[in-house]
Amino acid sequence: MKIWLTEQNWPWKPDKYRFAAEQMLLTLFPGEKPGYPDTPYLDTSAPTAPDGEPWVALTLHRGEKLSCVTAQVEQGGRRGRGVARFPSEKLDELDEQVYHTVSHALKQAFYRAGTALLGHELPWGSLTGVRPVKLPTRALLAGKTPREAERELRETYRVSPPRAALAVECAQAALDVKRDLADDGMALYIGIPFCPTRCAYCSFISADVKRSLSLVEPYVEALCREIRLAGELLREKGLHISCAYMGGGTPTTLSAGELHKILSAVENFLPMDRCGEFTVEAGRPDTITADKLETLKKHGIHRISINPQTMEDGVLRAMGRAHTSAQIVEAMELAEAHFGGLVNMDLIAGLPADSGEGFGRTLEKVLAMGPANVTVHTLALKKGSRLTEEGGALCPPETVEHMLELASKRLRGAGYAPYYLYRQKYMSGSFENVGWTRPGAVCAYNIVMMEELQSVLSLGAGGITKLVDRENRKIVRLNNPKYAKEYLESWDKVAAAKDTAARFQAELAGRPAPPR
505 MKIWLTEQNW PWKPDKYRFA AEQMLLTLFP GEKPGYPDTP YLDTSAPTAP
555 DGEPWVALTL HRGEKLSCVT AQVEQGGRRG RGVARFPSEK LDELDEQVYH
605 TVSHALKQAF YRAGTALLGH ELPWGSLTGV RPVKLPTRAL LAGKTPREAE
655 RELRETYRVS PPRAALAVEC AQAALDVKRD LADDGMALYI GIPFCPTRCA
705 YCSFISADVK RSLSLVEPYV EALCREIRLA GELLREKGLH ISCAYMGGGT
755 PTTLSAGELH KILSAVENFL PMDRCGEFTV EAGRPDTITA DKLETLKKHG
805 IHRISINPQT MEDGVLRAMG RAHTSAQIVE AMELAEAHFG GLVNMDLIAG
855 LPADSGEGFG RTLEKVLAMG PANVTVHTLA LKKGSRLTEE GGALCPPETV
905 EHMLELASKR LRGAGYAPYY LYRQKYMSGS FENVGWTRPG AVCAYNIVMM
955 EELQSVLSLG AGGITKLVDR ENRKIVRLNN PKYAKEYLES WDKVAAAKDT
1005 AARFQAELAG RPAPPR
């Protein structure tokens, strides 16, 4: 789709607003790619665009009291028009404030034009980010009531009433976790980039352990070295770990001995005495054994995640999973014996070869196993995944919506409540992923990480350390090398990032607390 940003009136060059326009293009028309014509102006009064290609034309007009962004969209011979207004005095504010004001108006106008053309609203309205819960969280922190925060989502961003209510519920859960966080604490992520096989929908940085067996032992050694360094730096500066998560990949791809070695390093070197929870992603049931669970339990792991994604054997085969639904049940029985049911289970709505009826059967089987948490994902077509590269028939959006509504109804009926959510690019139907919990079983790490409430120290290949200064809304990202082999060859870079993280958090912890 061609994007026309006329030259007149825009603060700075129109190119600065391309990102905002592309975000809304991806939301409204996920199959379209942006293109920018050489000519600066499109005559929108003409009957069709040049070449008959779809286009959007965006213009900014400054009035004496009110200014507005106008959007016109054409696709398939149909047109839609949208306008977003704001006080003209906002164009005289500081540069960044002006940019946010104009970008917001641009997205609102584009959204209104797009939905007028499409003939329907989107579940999350004009919101384009992956963290919609941040908006009601800020509203609640500013003293607004839950009802006011919900109304802002509906009226300002045209979020559907069910999604607005869902976001506010998750915002309240986020505030409950935030009360226990301190600036001298960091969340911990440990990455294990190995899986038994790669699933069709997956694009995570992980390796098939059968093909990369020679990397496992040196990787474990290198990770223990990084753990030791991180521990020395954190202890030196009086910092502690507040919550921890080991993911990947599939950590239980490792042997019990390898898990013991890593977790012993965590216990011996990292400041874990104030760590409130430690979760390990067991993920694939074909990697779960009694000796591995016993090892995790001995090292104080109190929650694991077993991710069936579906309980339909035909769908499992289509996704490249080398296990059956019966093995999922067996894994849960082992987990019950070691963790008393404190287990998260992940499901995916919209998998190819699945159906509304099949997803319903999956829900009933999962609920019968009684996990403490259930995370319901919407299928996202990720770049680099086999599913994206090979294509194939996907569940239509209306089927995915039915699956999500069924999940919400059944989980609420079984005593679960939503506690965190996020969105991704290329999600089927532009929906969301939601974590559900039984009372008292919230996984705080999921909230901390997703809502960026505290710095996250990431160790291992593919890890991204996030240094969060909430007061100034500042986030610094430090990337470890993506792949295991690169990680093994990059100690200086890995070590420097740990030093930067410890210094950042120590400075944050030493800063006087803002007045209440």
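In my numbering, the protein residues as written are 505 to 1020. For glycine and all other residues, C-beta sits at the position ideal for the given N, C-alpha and C.
Which residue from the options puts its Cα closest to that of residue i?
{"i": "Ala988", "options": "Glu740, Cys699 and Leu562", "result": "Cys699"}
{"i": "Arg865", "options": "Gln601, Leu910 and Gln527", "result": "Leu910"}
{"i": "Pro538", "options": "Lys517, Trp508, Gln512 and Leu564", "result": "Trp508"}
{"i": "Pro534", "options": "Ala646, Ile979, Ser934 and Ser962", "result": "Ser934"}
{"i": "Thr882", "options": "Asp858, Leu908 and Ser859", "result": "Leu908"}
{"i": "Ile808", "options": "Arg821, Pro541, Gly824 and Val847", "result": "Val847"}
{"i": "Ala524", "options": "Met953, Asp790, Gly633 and Thr1004", "result": "Gly633"}
{"i": "Gln512", "options": "Leu733, Lys506 and Thr574", "result": "Thr574"}
{"i": "Met954", "options": "Arg927, Asp542 and Val980", "result": "Arg927"}
{"i": "Arg522", "options": "Leu532, Asp596 and Leu610", "result": "Leu610"}
{"i": "Leu871", "options": "Met815, Thr828, Gly860 and Pro666", "result": "Met815"}
{"i": "Val833", "options": "Pro812, Gly818 and Leu851", "result": "Pro812"}
{"i": "Gly967", "options": "Pro985, Leu670 and Glu536", "result": "Pro985"}
{"i": "Gln676", "options": "Ile951, Gln1009 and Leu898", "result": "Ile951"}
{"i": "Tyr723", "options": "Leu685, Glu762 and Ala734", "result": "Glu762"}
{"i": "Met836", "options": "Arg942, Ala588, Ala876 and Pro943", "result": "Ala876"}
{"i": "Leu1022", "options": "Tyr991, Leu570 and Tyr615", "result": "Any property of residue 1022 remains undetermined from this structure, which presents the chain solely from 505 to 1020."}
{"i": "Val770", "options": "Pro558, Leu564, Glu568 and Leu733", "result": "Leu733"}
{"i": "Phe590", "options": "Arg583, Leu915, Leu570 and Gln579", "result": "Leu570"}
{"i": "Met873", "options": "Leu885, Ser768, Leu915 and Leu685", "result": "Leu915"}
For residue i, count the other beta carbons within 10 Å of its own beta carbon; 16 or more makes it buried, fewer makes it exposed. Which is it?
{"i": "Tyr924", "result": "buried"}
{"i": "Lys970", "result": "buried"}
{"i": "Asn976", "result": "exposed"}
{"i": "Glu785", "result": "buried"}
{"i": "Arg1020", "result": "Bear in mind that the predicted position of Arg1020 carries a pLDDT of just 43, short of 50, making it too unreliable to give a figure here."}
{"i": "Gln612", "result": "buried"}
{"i": "Leu789", "result": "The sequence shown places Pro at residue 789, not Leu. Classification of Pro789: buried, given that the 10 Å Cβ count is 16 or more."}
{"i": "Pro900", "result": "exposed"}
{"i": "Leu657", "result": "buried"}
{"i": "Asp599", "result": "exposed"}
{"i": "Lys517", "result": "exposed"}
{"i": "Tyr693", "result": "buried"}
{"i": "Ala826", "result": "exposed"}
{"i": "Trp559", "result": "buried"}
{"i": "Arg465", "result": "Coverage of the chain is limited to positions 505 through 1020, which leaves residue 465 absent and any answer about it impossible."}
{"i": "Thr879", "result": "buried"}
{"i": "Leu717", "result": "exposed"}
{"i": "Pro665", "result": "exposed"}
{"i": "Trp628", "result": "buried"}
{"i": "Thr543", "result": "exposed"}
{"i": "Tyr991", "result": "buried"}
For the beta strand (DSSP E) that residue i lies in, which residues bound it at each end?
{"i": "Glu785", "result": "Phe782 to Gly787"}
{"i": "Gln813", "result": "Arg807 to Gln813"}
{"i": "Ser746", "result": "His744 to Gly752"}
{"i": "Asn984", "result": "Counting along the chain, Asn984 falls outside any beta strand (DSSP E), and DSSP gives it neither H nor E."}
{"i": "Asp777", "result": "Where Asp777 is concerned, there is no enclosing beta strand (DSSP E), given that its DSSP letter is neither H nor E."}
{"i": "Leu509", "result": "Lys506 to Leu509"}
For the alpha helix (DSSP H) containing residue i, name the first residue and the last one.
{"i": "Glu578", "result": "Not the alpha helix (DSSP H): Glu578 falls in the beta strand (DSSP E), residues Leu570 to Gln579."}
{"i": "Pro558", "result": "Pro558 -> no alpha helix (DSSP H), and no H or E assigned at all."}
{"i": "Trp995", "result": "Trp995 to Gly1014"}
{"i": "Asn772", "result": "Ala760 to Phe773"}
{"i": "Asn937", "result": "No alpha helix (DSSP H) holds Asn937; the beta strand (DSSP E) holding it covers Asn937 to Thr941."}
{"i": "Met454", "result": "One cannot answer for residue 454 here, as it falls past the ends of the chain, which runs 505 to 1020."}
{"i": "Thr660", "result": "Pro650 to Tyr661"}
{"i": "Arg635", "result": "Taken as a continuous stretch (DSSP letters only), Arg635 belongs to no alpha helix (DSSP H), as it is neither H nor E."}
{"i": "Ala675", "result": "Pro665 to Lys682"}
I think residue i touches residue j, with their Cβ atoms under 8 Å apart; what is that distance to the nearest whole Å?
{"i": "Leu530", "j": "Val577", "result": "14 Å between Cβ atoms; not a contact."}
{"i": "Leu963", "j": "Gly787", "result": "Rounded, the Cβ-Cβ distance is 18 Å, inconsistent with contact."}
{"i": "Val904", "j": "Ala853", "result": "5 Å"}
{"i": "Leu631", "j": "Tyr661", "result": "5 Å"}
{"i": "Leu532", "j": "Gly618", "result": "4 Å"}
{"i": "Ala691", "j": "Val960", "result": "4 Å"}
{"i": "His744", "j": "Asp687", "result": "No, His744 and Asp687 are not in contact; Cβ-Cβ is about 11 Å, not under 8 Å."}
{"i": "Phe782", "j": "Ile766", "result": "Contact doesn't hold; Cβ gap of about 12 Å is too wide."}
{"i": "Ala857", "j": "Gly824", "result": "Going by Cβ atoms, the distance from Ala857 to Gly824 rounds to 12 Å, so no, they are not a contact pair."}
{"i": "Val972", "j": "Glu956", "result": "5 Å"}
{"i": "Thr756", "j": "Ile792", "result": "6 Å"}
Exercise for the section: Please confirm if the segment 793-808 is in contact with the segment 837-853, defined as three or more CB-CB distances below 8 Å between the two stretches. Expected result: yes
Exercise for the section: Decide yes or no for the touch test of the segment 598-611 against the segment 636-643: beta carbon pairs closer than 8 Å, at least 3 of them. Expected result: A contact between stretches requires three or more CB pairs, one per stretch, nearer than 8 Å, and the segment 598-611 fails this requirement with the segment 636-643.
Practice task
Flag this pair as touching only if the segment 1002-1019 and the segment 745-765 have three or more C-beta atom pairs under 8 Å; answer yes or no.
Solution key: no
Handout entry: Three CB pairs or more closer than 8 Å across the segment 736-743 and the segment 765-780
Key = yes
Handout entry: Inter-stretch contact (C-beta, 8 Å, three-pair minimum) for the segment 914-931 and the segment 638-658
Key = Segment contact: the segment 914-931 against the segment 638-658, fewer than three CB-CB distances shorter than 8 Å; contact not assigned.
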